[in-house]
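There are 2 protein chains.
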Amino acid sequence: MNKEELIKQTAKDLFFNKGYLHATTQEIADAAGVNRSLINYYFRSRDLLFQTVYREAVESLKSQLDKVLYDNVPFKEKLSIFIDVYMKELLKYPYRESFLITEICSKNFALKEKKKSAALAHFLKEIAEEMEKGTLKKGDPIHFVFDLFALMSFPVIMTPLYQKLLDISKEKYKALIAERKQLILEKIFN
Amino acid sequence: MNKEELIKQTAKDLFFNKGYLHATTQEIADAAGVNRSLINYYFRSRDLLFQTVYREAVESLKSQLDKVLYDNVPFKEKLSIFIDVYMKELLKYPYRESFLITEICSKNFALKEKKKSAALAHFLKEIAEEMEKGTLKKGDPIHFVFDLFALMSFPVIMTPLYQKLLDISKEKYKALIAERKQLILEKIFN
DNA sequence: ACTTTTGTTAACAAAATTGTTAAACATCAA
DNA sequence: TTGATGTTTAACAATTTTGTTAACAAAAGT
Chain H
1080 MNKEELIKQT AKDLFFNKGY LHATTQEIAD AAGVNRSLIN YYFRSRDLLF QTVYREAVES
1140 LKSQLDKVLY DNVPFKEKLS IFIDVYMKEL LKYPYRESFL ITEICSKNFA LKEKKKSAAL
1200 AHFLKEIAEE MEKGTLKKGD PIHFVFDLFA LMSFPVIMTP LYQKLLDISK EKYKALIAER
1260 KQLILEKIFN
Chain B
1080 MNKEELIKQT AKDLFFNKGY LHATTQEIAD AAGVNRSLIN YYFRSRDLLF QTVYREAVES
1140 LKSQLDKVLY DNVPFKEKLS IFIDVYMKEL LKYPYRESFL ITEICSKNFA LKEKKKSAAL
1200 AHFLKEIAEE MEKGTLKKGD PIHFVFDLFA LMSFPVIMTP LYQKLLDISK EKYKALIAER
1260 KQLILEKIFN
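In order, the protein sequences belong to chains H and B. Under the working numbering, think of the first position of the first sequence as 1080, with each following residue one higher. Under the working numbering, think of the first position of the second sequence as 1080, with each following residue one higher.
Structure, rendered in structure tokens:
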């Protein structure tokens, strides 16, 4: 892999996977096995590296939604696929959303970039239709989306804390998370 | 308020409420309106201030659980009270758990401190009983707890990101969150 | 009153982190 | 082979952040 890409991937691994949001350029360089100056060579500054990673994270998040949510398959099946895809990504990058949140909070993002996801908007419409049909309990489709993402993401994000509070082993916790894909699908269609 | 307490409260406000997890001692001091040296006077080092805040966050989290989950009231009512209490706290300190997670991840916590929550254990038993009775759908009580906390916390934690992705105004989002207390209770008892 | 303790501050020192530069190195086309 | 280009590195400089000190102020105790 070329080193520019390597640096980016390593940064993502530290941020999204290890949850190490405070990483210094030196720590990133060490983890990548490259000279720290290369970070400046390729990204000019630490801040620009962070911005790049941030942007790509939002992009990949949105393109993931796009990939699945536009599929022309029956709703229930689409949901099944979606949960599958999204949770796989969650296990790979549990802290991606957490990173985004901290970035948004730390820079006082007066970002004009339009981040709105068209796929999500489309998905919301589809949910509304299902509610009309009676397949789903009626209500604001946004709450349905909230519920869906919450049920998938939160236990993953909270792993280190809940392991402590519930006194569960790493393996047991992992097994519990694995069970959830099916459970969520059931719960969603109560 | 004495300044030691003021510093701590300000740090908590920055971390838990503003989501500003990178705060420097200078920024904390400025926000508190005190001289930065006072932080060293009262807490010796930045790291010890963080540790103190961390510990107190875990303690308050656990004592909150204790306060509500041991109550001797019917299960459904207890849950209603719990959701009420917990979501009120969530709105005050949306990023408390996020702070805990980043701290756990950044220090390689070889913490021997037992963090296990007895209240949660007790709550799990109660849930199991309700499942026996048929009041709740059967399953691993832990998943019930996962679901409960996920539904409450996640949309709150993700506020800045979801506002962007869904293109919702601050006020509208706030209103949506406010609606959830009731919705969660209904959903839980499907 | 004055002595001791506690709180507060600015100035300084030390450490950590980031950014820059110039030279070494590699690759490859002319 | 040369030289043009892009890559990599170490050494250095600048900046930011943290920690320490000593002086001063306020409060409390005697």
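The C-beta atom is built at its ideal place from N, Cα and C for all residues, glycine as well. Bear in mind that the values here come from a model prediction, so they are computed numbers and not experimental data.
Can you tell me whether B:F1202 is buried or exposed? The criterion is at least 16 other CB atoms within 10 Å of its CB, across all chains shown.
On the second sequence, residue 1202 of chain B is found 123 positions in, with the first residue counted as 1. With 16 or more other Cβ atoms within 10 Å, it is buried.
Smallest Cα separation from B:V1224: which of H:F1225, H:N1114 and H:A1229?
The residue labelled residue 1224 of chain B in the question sits at position 145 within the second sequence. Looking at the Cα atoms, H:A1229 is the closest of the given residues.
When the cut-off is 8 Å and only beta carbons count, does B:I1221 lie next to chain H?
Counting from one through the second sequence, the residue named residue 1221 of chain B turns up at place 142. Cβ-Cβ to chain H under 8 Å: yes for B:I1221.
Report all residues from its chain with a CB closer than 8 Å to the CB of B:D1150; omit the five preceding and five following residues, and keep chain order.
By one-based count along the second sequence, residue 1150 of chain B stands at place 71. Sequence-distant Cβ neighbours of B:D1150 in its own chain, meaning closer than 8 Å and more than five residues away, are K1157 and I1160.
Residues in the same chain with beta-carbon distance under 7 Å from B:L1264, minus the five sequence neighbours each way, listed in chain order, please.
Within the second sequence, residue 1264 of chain B is the residue found at index 185, counting from 1. Correct list, in chain order: L1158, S1159 and I1162.
The alpha helix (DSSP H) with H:D1145 in it runs from where to where?
Mapped onto the first sequence, residue 1145 of chain H falls at position 66. Segment R1125 to L1148, the alpha helix (DSSP H) holding H:D1145.
Boundaries (first-last residue) of the alpha helix (DSSP H) holding B:Y1121:
In the second sequence, the residue the question calls residue 1121 of chain B occupies position 42. S1116 to F1122 is the span of the alpha helix (DSSP H), which, as asked, contains B:Y1121.
Restricting to Cα atoms, I'd like to know which of B:D1246, B:I1107, B:E1138 and B:A1090 is closest to H:K1194.
Within the first sequence, numbered from 1, the residue matching residue 1194 of chain H stands at position 115. Among B:D1246, B:I1107, B:E1138 and B:A1090, the Cα nearest to that of H:K1194 belongs to B:D1246.
Using a beta-carbon distance cut-off of less than 7 Å, what residues from the segment 1134 to 1159 of chain H approach chain B?
Against chain B - using a Cβ distance shorter than 7 Å - the segment 1134 to 1159 of chain H contributes no residues.
Can you tell me whether B:K1243 is buried or exposed? The criterion is at least 16 other CB atoms within 10 Å of its CB, across all chains shown.
As a working mapping, residue 1243 of chain B is identified with position 164 in the second sequence. By the neighbour-count criterion, in which 16 or more other beta carbons inside 10 Å mark a residue as buried, B:K1243 falls on the buried side.
Determine whether the Cβ of B:S1124 lies closer than 8 Å to any Cβ atom of chain H.
One-based indexing of the second sequence puts residue 1124 of chain B at position 45. With 8 Å as the cut-off, B:S1124 does not count as an interface residue toward chain H.
Presumed contact (8 Å Cβ cut-off) between H:M1231 and H:Y1165, rounded CB distance:
As a position in the first sequence, residue 1231 of chain H is number 152, starting the count at 1. As a position in the first sequence, residue 1165 of chain H is number 86, starting the count at 1. That pair is a contact at about 6 Å.
For H:K1155 and B:K1249, what's the separation of their Cα atoms in angstroms?
Locating residue 1155 of chain H in the first sequence gives position 76, counting from the first residue. Locating residue 1249 of chain B in the second sequence gives position 170, counting from the first residue. One alpha carbon belongs to H:K1155, the other to B:K1249, and they sit about 31 Å apart.
Please name the residue, chosen from H:K1082, H:F1268 and H:E1258, that lies closest to H:S1116 on a Cα-to-Cα basis.
Here the question's residue 1116 of chain H lines up with position 37 in the first sequence. The closest CA to that of H:S1116, considering only H:K1082, H:F1268 and H:E1258, is found on H:K1082.
Exposed unless 16 or more other CB atoms sit within 10 angstroms - verdict on B:V1137:
For this step, residue 1137 of chain B is matched to residue 58 along the second sequence. Only buried fits B:V1137, as 16 or more other CB atoms lie within 10 angstroms of its CB.
Are any of the Cβ atoms in chain H nearer than 8 Å to that of B:R1175?
Walking along the second sequence from the start, residue 1175 of chain B turns up at place 96. No, B:R1175 does not count as interfacial toward chain H.
For a cutoff of 8 Å on Cβ pairs, would you count H:D1109 as touching chain B?
Reading the first sequence from its first residue, position 30 is the one you call residue 1109 of chain H. Any Cβ of chain B closer than 8 Å to the Cβ of H:D1109 would place that residue at the interface, and such an atom is absent.
DSSP-derived helix/strand/coil call for H:E1265
Counted from its first residue, the first sequence places residue 1265 of chain H at position 186. DSSP places H:E1265 in helix when its eight states are reduced to three.
Pick out the complete alpha helix (DSSP H) segments inside the segment 1192 to 1221 of chain H, 4 residues or longer, and give them in chain order.
Qualifying alpha helix (DSSP H) stretches, in chain order: 1197 to 1212.
Where do the N-terminal and C-terminal ends of the alpha helix (DSSP H) with H:T1089 fall, by residue?
Counting from one through the first sequence, the residue named residue 1089 of chain H turns up at place 10. Residues K1082 to K1091.
Residues of chain B with CB closer than 7 Å to the CB of H:F1228, please, in chain order.
Along the first sequence, one-based indexing puts residue 1228 of chain H at 149. F1233, listed in chain order.
I need the straight-line Cα distance from H:E1182 to B:N1119, nearest angstrom please.
Locating residue 1182 of chain H in the first sequence gives position 103, counting from the first residue. Locating residue 1119 of chain B in the second sequence gives position 40, counting from the first residue. Between H:E1182 and B:N1119, the alpha-carbon positions lie close to 27 Å from each other.
Judging by CA-CA distance, which residue of H:L1169, H:C1184, H:F1129 and H:N1114 is the nearest neighbour of H:N1096?
Your numbering for residue 1096 of chain H matches position 17 in the first sequence. Closest by C-alpha distance to H:N1096, out of H:L1169, H:C1184, H:F1129 and H:N1114, is H:L1169.
Could you tell me whether the Cβ atoms of H:H1101 and B:H1101 are closer together than 8 Å?
Your numbering for residue 1101 of chain H matches position 22 in the first sequence. Your numbering for residue 1101 of chain B matches position 22 in the second sequence. The Cβ atoms of H:H1101 and B:H1101 lie closer than 8 Å to each other.
Residues in the same chain with beta-carbon distance under 6 Å from B:P1220, minus the five sequence neighbours each way, listed in chain order, please.
What you label residue 1220 of chain B is simply residue 141 of the second sequence in a count that begins at 1. Result list for B:P1220: L1203, I1206 and A1207, in chain order.
Measuring CB to CB, does H:R1259 end up less than 8 Å from H:P1239?
In the first sequence, residue 1259 of chain H corresponds to position 180, counting from 1. In the first sequence, residue 1239 of chain H corresponds to position 160, counting from 1. Between H:R1259 and H:P1239, the C-beta spacing is not below 8 Å.
Positions along the segment 1252 to 1263 of chain H whose CB lies within less than 8 Å of some CB in chain B
Look at the segment 1252 to 1263 of chain H: the residues with a C-beta under 8 Å from a C-beta of chain B are L1255, E1258, R1259 and L1262.
In chain B, which residues lie with their C-beta within 8 Å of the C-beta of H:Y1099?
Translated into the one-based positions of the first sequence, residue 1099 of chain H becomes position 20. Near H:Y1099 (Cβ distances below 8 Å), the residues of chain B are C1184 and S1185.
At a CB-CB cut-off below 7 Å, which residues of chain H make contact with B:D1246?
The count along the second sequence starts at 1 and reaches residue 1246 of chain B at position 167. For B:D1246, the neighbours in chain H by C-beta distance under 7 Å run, in chain order, K1195.
Please classify B:V1152 as buried or exposed, where buried requires at least 16 neighbouring CB atoms within 10 angstroms.
Residue numbering aside, residue 1152 of chain B sits at position 73 when the second sequence is read from its first letter. Within a 10 Å sphere around the beta-carbon of B:V1152 sit fewer than 16 other beta-carbons, which makes this residue exposed.
Find the residues of chain H that neighbour B:F1161, judging by a C-beta separation of less than 9 Å, and give them in chain order.
Counting from one through the second sequence, the residue named residue 1161 of chain B turns up at place 82. Contact annotation for B:F1161 against chain H: no contact, minimum CB-CB distance about 15 Å [criterion: below 9 Å].
Residue range of the alpha helix (DSSP H) that H:D1163 falls in?
In the first sequence, counting from the first residue as 1, residue 1163 of chain H sits at position 84. Start and end: F1154 to K1171.
Residue range of the unbroken alpha helix (DSSP H) whose run includes B:D1109
Working through the second sequence from its first residue, we reach residue 1109 of chain B at position 30. Per DSSP, B:D1109 belongs to the alpha helix (DSSP H) from T1104 to A1111.
Buried or exposed: which applies to B:G1213, given that a residue is buried once 16 or more other Cβ atoms fall within 10 Å of its Cβ?
Mapped onto the second sequence, residue 1213 of chain B falls at position 134. With fewer than 16 other CB atoms across the displayed protein chains lying within 10 angstroms of its CB, B:G1213 is exposed.
Reduced DSSP category for B:I1180 - H, G, I as helix; E, B as strand; rest coil:
Here residue 1180 of chain B corresponds to residue number 101 of the second sequence, with the count starting at 1. Three-state result, B:I1180: helix.
Which class does B:K1253 belong to by DSSP, given the choice of helix, strand or coil?
Mapped onto the second sequence, residue 1253 of chain B falls at position 174. Looking at B:K1253 - three-state DSSP - the assignment turns out to be helix.
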